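To start, the structure under review is shown below, and the notes come after it.
Residue numbers (this note's numbering): 405 to 686.
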């Protein structure tokens, strides 16, 4: 089983996770820029973070045979902080980088006017740079959030077939599918979707334009949830081709819209800017 996790925050994970993911069949990941938990206080902190997504993290992934790409954006939660909003002016120089395969995560957290403004501006940046967009739907009042999300997408210069609407569930999947957007589902141990619900949705709605991710981060999450979905799909009668479509070909097709997706793992030096994943010595 080959697996492409299209939404995972490896900055928050350990090298043990990379080893376990590779053993489970993960060969590629996309890491969206996101809120780190501790509030950031200036655009400079985003710059260092973005640089790590383009440097240290691809280096670390390559040590374990996994191709790493990222998406870059001002995330919805921090779009509400006036100290962070100037990072919007920094985004164009990152959106031309080869490893950046989408603008994201953008969208809504609390559905505020500040989030409206940042969302629309970053959809325009995606259109201007020929990139697709990864959109975060709010964890609260999801159906209203989805509808507002789709309204903003329709008003933008970015066509829906270049938009991945993530964190969907049973209440939002039909309207998202009818919109023409790609459909993203995050599978978590306690919240969001689980394997059983995910497989039931695949049975009801089919595997077309569906991406399944672990969204693993610094909270309670599991970077092997993609594999667990694939195993349950097989156990419940889906074909190996269906599993390959959902866990590999669909994310390849979506992020391939960027024209930048490279799935070969390039050989790296032993260190990145003088640092390695090893500690200690002989």
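The beta-carbon is built from N, C-alpha and C at its ideal position, and this holds for glycine as well. A quick note: this is a predicted structure, and the numbers were derived from the prediction, not measured.
The alpha-carbon separation between residue 669 and residue 501 amounts to approximately 17 Å. Residue 629 is not bridged by DSSP to any residue. The beta carbon of residue 626 lies closer than 7 Å to those of 593, 618, 620 in the same chain, with the five residues before and after it left out. Residue 597 carries a strand assignment under DSSP once its states are collapsed to helix, strand and coil. Annotated as proximal: residue 450 and residue 491, with beta-carbon spacing under 8 Å. Counting only the Cα atoms, residue 638 lies some 23 Å from residue 586.
Going by DSSP, residue 644 is part of the alpha helix (DSSP H) stretching over 644-648. Residue 429 and residue 414 do not touch by the CB rule: their CB atoms are close to 16 Å apart, not below 8 Å. Closest in C-alpha terms to residue 479, from the list 572, 596, 513, comes 513.
Remark: C-beta atoms of residue 547 and residue 575 approach each other more closely than 8 Å. With a threshold of 16 other beta carbon atoms within 10 Å, residue 588 meets it and is buried. Taking residue 440 as reference, the option from 470, 410, 482 with the minimal CA-CA separation is 482.
Only buried fits residue 553, as 16 or more other CB atoms lie within 10 angstroms of its CB. By the Cβ-count criterion, residue 570 is buried, with 16 or more other Cβ atoms from all chains shown falling within 10 Å of its own Cβ.
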